[in-house]
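Quick note, our numbering runs 10 ahead of the 1-based positions in the sequence shown.
The C-beta atom is built at its ideal place from N, Cα and C for all residues, glycine as well.
In what follows, a single structure is set out as structure tokens and then discussed.
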Amino acid sequence: MRKKLYITTAIPYVNGTPHIGNALDYMLADIWTRYQKMSGRDVRFQVGTDEHGNKIAAKAAELGLDPKTYTDQTYKNFELLMQKLGAQYTDFVRTTDMHHMAAVQYIWKKLQPYIYKGSYEGWYCQGCEAFYSDKDATANNGICPDHNQPYQRVSEENYYLKASAFTDRLREALESGKMQIVPEFRKKEFLELMKDGLQDVSISRPRRSLSWGVPVPDDPEQVMYVWLDALSNYLTVIGYPDNETWREYWPADVQVIGKDILRFHAGIWPAMLMGLDVPLPKKLLVHGFVHVGGAKMSKTVGNVVDPNEIIDTYGVDAFRYFFTRHIPTQDDGDFTWEKFENAYNNELGSDFGNLVQRVASMITRYQSGVIGDVPQGEHDMQPYREAMESLHFNQAIDEVWVTIRSLNQYIEHVKPWEIAKRRETDPEAAAHLAEVLGHAVGSLLQVSDLLSPIMPGTAEKIQALFGSGIVTQEPGAVLFPRIYVHTPDPRAPKGA
Ligand SMILES: [Zn+2]
11 MRKKLYITTA IPYVNGTPHI GNALDYMLAD IWTRYQKMSG RDVRFQVGTD
61 EHGNKIAAKA AELGLDPKTY TDQTYKNFEL LMQKLGAQYT DFVRTTDMHH
111 MAAVQYIWKK LQPYIYKGSY EGWYCQGCEA FYSDKDATAN NGICPDHNQP
161 YQRVSEENYY LKASAFTDRL REALESGKMQ IVPEFRKKEF LELMKDGLQD
211 VSISRPRRSL SWGVPVPDDP EQVMYVWLDA LSNYLTVIGY PDNETWREYW
261 PADVQVIGKD ILRFHAGIWP AMLMGLDVPL PKKLLVHGFV HVGGAKMSKT
311 VGNVVDPNEI IDTYGVDAFR YFFTRHIPTQ DDGDFTWEKF ENAYNNELGS
361 DFGNLVQRVA SMITRYQSGV IGDVPQGEHD MQPYREAMES LHFNQAIDEV
411 WVTIRSLNQY IEHVKPWEIA KRRETDPEAA AHLAEVLGHA VGSLLQVSDL
461 LSPIMPGTAE KIQALFGSGI VTQEPGAVLF PRIYVHTPDP RAPKGA
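The following block contains the structure:
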């Protein structure tokens, strides 16, 4: 029996609003899920929200709410984005779920041989909820570059996870590829980061400095601190430890994360799993950051792009198209409204939408909507498959566009409208025309298959249009109607 598949996404803090990075997580996991389902695989796809921690308690207090009431409201912003993106997730975990909290306490107990109490002094960033070494703090001039806040010197009693005990096993797993980090250069970065060994990590804080979290079993003075609670979600959501079905899905095939949380997912997380005697995930897919016109997105600068705004204006498939094709799956990318709108109007509107509309209207005009014989699409699927399997979704969609471009060239070259004119004098012209249009439909149906994991709504529209053998398109119906919000409309009268 083939193993059932499992893909996970990072769980965001619910105190913020969903951003492009969250949308990328859900979209990449969804593309992979749909692609695997196409080949008949059983896929479980986890999403969720991280709902503990001081920032959440503070924000709730500011609003006069208890933390749970506050997270009951805010987690929905993330759920809404997942749904808008069309993410076909199967499991939604909230770290405030009863099952999750009980399972995390079980995990704590099971990790006892690797947990010890110690006192800690270090540089702490409240925004990251993480400690940094003297070296990091000095390198950043004492200010967290992600949060623009000075590190605080904090000393307190904590429990530690003895991650250092797993250094050799982890290095072996990464070097042998038992656990892969994709892309390769991120693996190298991480191996360099751990060259002096994994560091033991603080996994609790005194209750007085962290009130909102999972209580440490058998020590009322301590509360679990972010990573042990949050990372466990990938296991607890599939039923670990009490529902045996978790074994059908674990180890995860792919865990999608942003590059900013690689060190936790490649260090602490495998250490936890080895301590629990649970297999390591097969692959971490690490995506980069999306910049805006070369600059980092930041609230202070005011250049934050809201994924909801893009989806609401241009549609979900336009979002999925741009962020799949123009943001490299495994590296940083750049967004500007101009780039987006050019891609939307030119690549989706002109190259693709017009093509579909042209083929449909020629079949309607010349053949009363009857498509006739449709040959199999002839584009070689292998490069697309290889790109999908190696998690280069941007290259997969480039392959689809090769077919679209060559079909446009084919139509310009054979000029079906001229063949149509010859039908009155040439007895073979009608058959030739049907053959040309049948070929075009075959290519477009193949395009729709290849696009279905990436742009599922568009793929369905093409299937509906050409899949039944008869075109019944509304006159003037177009895919990706032109939208000019951020760039000038070239059809606008000059000087108007
Ligand atoms: Zn920070």
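Listed as beta-bridge partners of GLY58 by DSSP are VAL103. A buried status is given to GLU139, since no fewer than 16 other beta-carbon atoms sit within 10 Å of its beta-carbon. With 16 or more neighbouring CB atoms inside 10 Å of its own CB, ILE414 falls in the buried class. Annotation for GLY477 indicates a beta carbon at 7 Å or more from all heavy atoms of ligand 1.
Taken through DSSP and simplified to helix, strand or coil, TYR235 comes out as coil. For GLN159, DSSP records a beta bridge to CYS154. Straight-line measurement puts the Cα of TRP222 at about 16 Å from the Cα of TYR85. DSSP lists TYR169 as the beta-bridge partner residues of LYS127. In the pairwise beta carbon analysis, the segment 198-216 is classified as touching the segment 173-183: at least three pairs are separated by under 8 Å.
In this structure, the CA atom of VAL296 is about 46 Å from the CA atom of LYS504. Shortest Cα-Cα distance from PHE200 to any of SER214, GLU185 and SER212 involves GLU185. With a threshold of 16 other beta carbon atoms within 10 Å, PRO230 falls short and is exposed.
Leaving aside the five residues that flank ASP52 on each side, the residues in its chain whose CB is nearer than 6 Å to its CB run, in chain order, LYS14. In terms of side-chain proximity, the C-beta atom of GLY363 is found no nearer than 7 Å to any non-hydrogen atom of ligand 1.
GLN190 carries a strand assignment under DSSP once its states are collapsed to helix, strand and coil. In this structure, HIS29 has its beta carbon at no less than 7 Å from each heavy atom of ligand 1.
With 5 Å as the limit between CB and the heavy atoms of ligand 1, the residues that fall short of it are CYS135, GLY137, CYS138, CYS154, ASP156 and HIS157.
Burial check for PRO77: the Cβ neighbour count within 10 Å reaches 16 or more, so the residue is buried.
Excluding its 5 nearest sequence neighbours in each direction, GLN162 has C-beta neighbours in its own chain below 6 Å: TYR134, listed in chain order. Proximity of the segment 357-371 to the segment 436-446 falls short of the contact definition, fewer than three beta-carbon pairs being nearer than 8 Å. The Cβ atoms of GLY343 and GLY298 lie closer than 8 Å to each other. Take LEU358, set aside five residues on each side of it, and the residues of its chain with a beta-carbon closer than 7 Å to its own are ALA328, TYR331 and PHE490, in chain order. Boundaries around SER453 are those of the alpha helix (DSSP H), 439-461, since no beta strand (DSSP E) includes it.
In this structure THR18 is in contact with GLN56, their Cβ atoms being roughly 5 Å apart against a cut-off of 8 Å. As computed with DSSP, LYS293 is found in a beta bridge with GLN190.
Excluding five sequence positions before and after PRO463, the CB atoms of its chain that fall closer than 6 Å to its own CB belong to ILE41, ARG44 and TYR45, given in chain order. Counting only residues of its own chain and dropping the five nearest sequence neighbours on each side, TYR36 has a CB closer than 8 Å to the CB of THR19, VAL57, LEU91, MET92, LEU95, ALA97 and TYR99.
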